[in-house]
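Notes follow the structure.
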Amino acid sequence: AWVYVPPNYNEAAAIFARMDPEKLSYRGWDLWIQQGQFATHLVSAWPDNALKTRTQKRLARKGQWQHVMVTYDGSGKPEGVKLFVDGAPAETEAENAKGITGSIRSAAPLTLAQRSEGSHFDGVALQDVRIYSRVLASAEVTALARQSLLRTLVGTPVADWKPETRREVFDYFLTTRFT
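Residue numbers for the sequence shown follow my numbering, so the first one is 22 and each next one is one higher.
Printed below as a string of structure tokens:
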């Protein structure tokens, strides 16, 4: 998903979620932000049968659009969760690292900028939220993040591109054409 974090945002909230309310032990999942760190909760029953993985660093660039993606392999282990920011894998750490042994399926609807009850993310903007039925490879996540960069360049003369933009376009060409 493309996420715009408001310039002065320092709270914790759901970017999007499919998570039951507290009375049902928060079963489900979310993409979360917490004091500038991106995170995800995978919950069968909070907190004993759950996994929370977050970026080690505060990677949210407030006031700018960023591509944020989570992949999960269904293993129930912290190693099965990957967070990507702007197409690059982020260094992460797990809270509740013992993992999950139960289902994370929730009857709650998918919600944007909140959970089913509470955790509102005021001022956030979202675009191109996607949910896949399989784990994307790192190269696929990188390509998704770069595609949008390329779309913004359409109509801009190559002579006007910055050197780092030229490198990104060249890398994109090599990774999508010769792999």
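Ideal Cβ positions, reconstructed from N, Cα and C, are used throughout, including at glycine.
Ranking N29, R187, P42 by CA distance to the CA of L174 puts R187 first. Rounded to the nearest whole angstrom, the CA to CA distance from S169 to W86 is 11 angstroms. Between the segment 112-131 and the segment 43-53, the count of C-beta pairs closer than 8 angstroms reaches three or more; the two stretches touch. From the listed residues D143, V91, H62, the smallest Cα separation to N70 is found for H62. Non-local beta-carbon contacts of A38 in its own chain, meaning distances under 6 angstroms to residues more than five positions away in sequence, involve D51, T132, R136 in chain order. Inclusion of D94 and V162 in the CB contact set at 9 angstroms is not warranted, their separation being larger than that value. Going by beta carbons, A164 and L104 fall outside the 9 angstroms limit. About 4 angstroms separates the CB atoms of K73 and E116; that is less than 8 angstroms, so the two are in contact. Residues A81, K83 of the same chain have their beta carbon placed closer than 6 angstroms to that of V26, with the five preceding and five following residues left out of the count. Straight-line measurement puts the Cα of V150 at about 21 angstroms from the Cα of P28. A160 has its alpha-carbon roughly 31 angstroms from the corresponding atom of Y30.
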